[in-house]
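Engineer:
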Amino acid sequence: MKFIQGHNRNQTQLFPVSLDQSIDLENEVRIIDLFVKSLPLKNYGFRVDFPENGRPAYHPSDLLKLFIYGYMNKVRTSRDLEKECKRNIEVMWLLNCLKPDHNTIANFRENNPKAIRKVFRATVQIAKHFDLIGGILIAGDSTKLRAQNSKKNNFNQAKIDRHIAYIDNKLEEYTKALAESDGDNQQIILDEIEKQQQRRENYKDLEKQLKESGEPQISLSDPESRQIMLRNNITEVAYNVQSTVDSKNCIPIDYKVTNQNDSKAMGNMVQRTKSILRTNEFTVLYDKGFHTGSELKTAQELGVETIVAIPGVPSTSQAPNPLFNYEFFRYNKEDDTYTCPGGQILRTNGSWYKQLTSTGNISWFKQYKTKSCRKCPLRSQCTRSKKERLIQRSEYAEYYERNLINTREKEHLYKRRQAIV
Numbered sequence: 160m161k162f163i164q165g166h167n168r169n170q171t172q173l174f175p176v177s178l179d180q181s182i183d184l185e186n187e188v189r190i191i192d193l194f195v196k197s198l199p200l201k202n203y204g205f206r207v208d209f210p211e212n213g214r215p216a217y218h219p220s221d222l223l224k225l226f227i228y229g230y231m232n233k234v235r236t237s238r239d240l241e242k243e244c245k246r247n248i249e250v251m252w253l254l255n256c257l258k259p260d261h262n263t264i265a266n267f268r269e270n271n272p273k274a275i276r277k278v279f280r281a282t283v284q285i286a287k288h289f290d291l292i293g294g295i296l297i298a299g300d301s302t303k304l305r306a307q308n309s310k311k312n313n314f315n316q317a318k319i320d321r322h323i324a325y326i327d328n329k330l331e332e333y334t335k336a337l338a339e340s341d342g343d344n345q346q347i348i349l350d351e352i353e354k355q356q357q358r359r360e361n362y363k364d365l366e367k368q369l370k371e372s373g374e375p376q377i378s379l380s381d382p383e384s385r386q387i388m389l390r391n392n393i394t395e396v397a398y399n400v401q402s403t404v405d406s407k408n409c410i411p412i413d414y415k416v417t418n419q420n421d422s423k424a425m426g427n428m429v430q431r432t433k434s435i436l437r438t439n440e441f442t443v444l445y446d447k448g449f450h451t452g453s454e455l456k457t458a459q460e461l462g463v464e465t466i467v468a469i470p471g472v473p474s475t476s477q478a479p480n481p482l483f484n485y486e487f488f489r490y491n492k493e494d495d496t497y498t499c500p501g502g503q504i505l506r507t508n509g510s511w512y513k514q515l516t517s518t519g520n521i522s523w524f525k526q527y528k529t530k531s532c533r534k535c536p537l538r539s540q541c542t543r544s545k546k547e548r549l550i551q552r553s554e555y556a557e558y559y560e561r562n563l564i565n566t567r568e569k570e571h572l573y574k575r576r577q578a579i580v
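Here the working numbering = 1-based position in the sequence shown + 159.
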């Protein structure tokens, strides 16, 4: 059977005369080269003035070209980029055969985070100038990146209290054992007591650090990381990268590294998107993890339309008959009352009540009820409570309701979210 045969490695080959002839005219590296040359690097914060004496430095434009090429081709580590400089003909053309080592590459990234972010913003503005960004439909989501910090080196007040309580318990046991022991075992017990006391002092120091930081958590190895919920009560010490993507050509327009859950992220990202697009005439798509009243309020008061998926209602919160669920109670804005499916009026005493949500946020609500509920023939279909049916109206109810209308009327737009971001 015949196979396609390669060339003899020892045979002399006639390659193109110049490196430039080896690179296709449509190759992406030519665009990267033109783009970086067009940037005012000094205005972005890159250092371009170096002393004449000593070993010459690499120009920031060359290292920036290398980084952009790496991100476009999923080559991200400094050591891998160093390898590409030595073996990749596209990179050789882009950097004029320069071969910076991995330390130089890593230091450039570490020393220029703000400047590199400005370059990203510049790419967005260029894409917008060439009408590659529609600016009408924006999808947002997050990515959890595991930090270099294990769970055992992440502490909150409750965890510290548990450790101190356990140590206090052990110290009590050792103290009793010391009183009952003979001379042979006393030194061993005293050593254990000293160890536990030292551990207790360490946890007290952690408690002091936690209080001084003003944060709910403290991480020892990676100080800015936090324990974040991933899914189904599974947590990890991580960072949470928020991103927004335009729907026209699926071009990312913004990103932000945070150490919080999604529940408090949408409002700020919408504000940033408005600043980038310089308009509020767009719609944002988010999944149910971002469905928080305060965030919906922020986005909608900016004039942005929200389509955020609505979390499912627990079965325990549903009426025996689905036709009597909360959404079938009509709110009367004029007199601040509710009308139930049976035609009864539910009123409030005007007081606001505080509630801690499942995501750890504090919200306020009013309660609505009526005494007519007790003798209502429809009561068994409406509530399982021994008392009257109780309706709670959040301080963000109007923003929830506006989002609910959007999700129902524009479900076809929401279905595009996963294909965009």
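Every residue gets a Cβ at the ideal spot worked out from N, C-alpha and C, and that includes glycine.
Bear in mind the structure is a predicted one, so any value in this text is a computation, not a measurement.
If you drop the 5 nearest sequence neighbours on each side, which residues of the same chain put their C-beta closer than 6 angstroms to that of glycine 204?
Structural biologist: Hits under 6 angstroms: Lys273, Ala274.
Engineer: State the beta-bridge partners of methionine 388 as determined by DSSP.
Structural biologist: Its beta-bridge partners are Thr394.
Engineer: Report all residues from its chain with a CB closer than 7 angstroms to the CB of glutamate 383; omit the five preceding and five following residues, and keep chain order.
Structural biologist: So the qualifying residues of the chain are Asn418.
Engineer: Just the Cα atoms here: how many angstroms apart are lysine 303 and phenylalanine 289?
Structural biologist: When rounded, the distance between both Cα atoms is 32 angstroms.
Engineer: What's the gap between the Cα of aspartate 179 and the Cα of lysine 415?
Structural biologist: Their backbone Cα atoms lie some 38 angstroms apart in a straight line.
Engineer: Since isoleucine 163 contacts leucine 253 with CB under 8 angstroms, what's their CB separation in whole angstroms?
Structural biologist: Incorrect: roughly 31 angstroms between the Cβ atoms, too far for contact.
Engineer: If you draw a straight line from the C-alpha of isoleucine 227 to the C-alpha of leucine 193, how long is it?
Structural biologist: Whole-angstrom Cα-Cα distance: 12 angstroms.
Engineer: Quick one: residues in its chain with C-beta nearer than 6 angstroms to the C-beta of asparagine 480, no 5 flanking neighbours on either side, listed in chain order?
Structural biologist: The residues are Gln540.
Engineer: With DSSP as the reference, label glycine 229 as helix, strand or coil.
Structural biologist: Note: glycine 229 maps to helix in three-state DSSP.
Engineer: Would you mind listing the alpha helix (DSSP H) stretches within the segment 487-565 that are 4+ residues and don't spill past its ends, in chain order?
Structural biologist: Correct list: 538-541.
Engineer: Looking at the secondary structure, which residues open and close the alpha helix (DSSP H) in which isoleucine 248 lies?
Structural biologist: Isoleucine 248 -> alpha helix (DSSP H) spans 248-253.
Engineer: State the Cα-Cα distance for the pair lysine 310 and threonine 394, rounded to the nearest angstrom.
Structural biologist: Those two C-alpha atoms are separated by around 9 angstroms.
Engineer: Taking the beta strand (DSSP E) that alanine 298 belongs to, which residues open and close that run?
Structural biologist: Run containing alanine 298: 296-305, per the beta strand (DSSP E) assignment.
Engineer: Mind checking cysteine 256: buried by the 16 CB within 10 Å criterion, or exposed?
Structural biologist: With fewer than 16 other Cβ atoms within 10 Å, it is exposed.
Engineer: Could you give the first and the last residue of the continuous beta strand (DSSP E) run that contains proline 272?
Structural biologist: Element bounds for proline 272: not the beta strand (DSSP E) but the alpha helix (DSSP H), 272-288.
Engineer: Our contact map puts isoleucine 297 next to serine 406 with C-beta atoms below 8 angstroms; I'd like the distance itself, whole angstroms only.
Structural biologist: So it is a contact: roughly 7 angstroms between Cβ atoms.
Engineer: So which of Gly502, Thr475, Ile352, Ala468 has the shortest CA-CA distance to arginine 575?
Structural biologist: For the residues Gly502, Thr475, Ile352, Ala468, the minimum Cα distance to arginine 575 belongs to Ala468.
Engineer: Taking just the CA atoms, how far does asparagine 312 sit from tyrosine 398?
Structural biologist: Approximately 15 angstroms between the Cα atoms of the pair.
Engineer: Identify which residue in Phe314, Leu349, Asn328, Ile326 has its Cα closest to the Cα of leucine 337.
Structural biologist: Nearest of Phe314, Leu349, Asn328, Ile326 to leucine 337, Cα basis: Leu349.
Engineer: To the nearest angstrom, how far is the alpha carbon of glutamine 316 from that of methionine 388?
Structural biologist: Answer to the nearest angstrom: the Cα atoms are 18 angstroms apart.
Engineer: Three or more beta-carbon pairs under 8 angstroms between the segment 276-283 and the segment 206-220, yes or no?
Structural biologist: They do not touch, by the three-pair rule.
Engineer: State the Cα-Cα distance for the pair tyrosine 445 and cysteine 532, rounded to the nearest angstrom.
Structural biologist: One C-alpha to the other measures close to 38 angstroms.
Engineer: Relative to the C-alpha of isoleucine 295, which candidate in Gln477, Gly462, Glu554 has its C-alpha closest?
Structural biologist: Out of Gln477, Gly462, Glu554, Gly462 has the C-alpha closest to the C-alpha of isoleucine 295.
Engineer: Sort Pro473, Pro470, Cys535 by Cα distance to cysteine 588 and report the nearest one.
Structural biologist: Within the shown structure, residues of the chain are numbered from 160 to 580, placing residue 588 beyond reach of any answer.
Engineer: Between the Cα of glutamate 554 and the Cα atoms of Thr542, Lys569, Gly509, which residue gives the shortest distance?
Structural biologist: The candidate whose alpha carbon is nearest that of glutamate 554 is Gly509.
Engineer: Leaving out five residues before and five after lysine 513 in sequence, what residues of the same chain have Cβ atoms less than 7 angstroms from its Cβ?
Structural biologist: Counting only Cβ-Cβ distances below 7 angstroms, and skipping sequence neighbours, we find Ile521, Trp523.
Engineer: Under the three-state reduction of DSSP, which class applies to threonine 438: helix, strand or coil?
Structural biologist: Coil.
Engineer: Terminal residues of the continuous alpha helix (DSSP H) containing threonine 417?
Structural biologist: Threonine 417 -> not in any alpha helix (DSSP H); beta strand (DSSP E) instead, spanning 410-417.
Engineer: Does aspartate 320 come out as helix, strand or coil in the three-state DSSP assignment?
Structural biologist: In the structure shown, aspartate 320 sits in a helix (DSSP, three-state: H, G or I).
Engineer: DSSP three-state call for isoleucine 377: helix, strand or coil?
Structural biologist: If DSSP states are grouped into helix, strand and coil, isoleucine 377 belongs with the strands.
Engineer: With 16 other CB atoms within 10 Å as the buried threshold, where does glutamate 339 fall?
Structural biologist: Exposed, by the Cβ-count rule.
Engineer: Between threonine 465 and leucine 455, how many whole angstroms is the CB-CB distance? I'm expecting something under 8 angstroms.
Structural biologist: Their Cβ separation, rounded to whole angstroms, is 6 angstroms, which keeps threonine 465 and leucine 455 in contact under 8 angstroms.
Engineer: Of the residues Ile248, Asn169, His218, which one's Cα is nearest the Cα of arginine 189?
Structural biologist: Per the Cα distances, Ile248.
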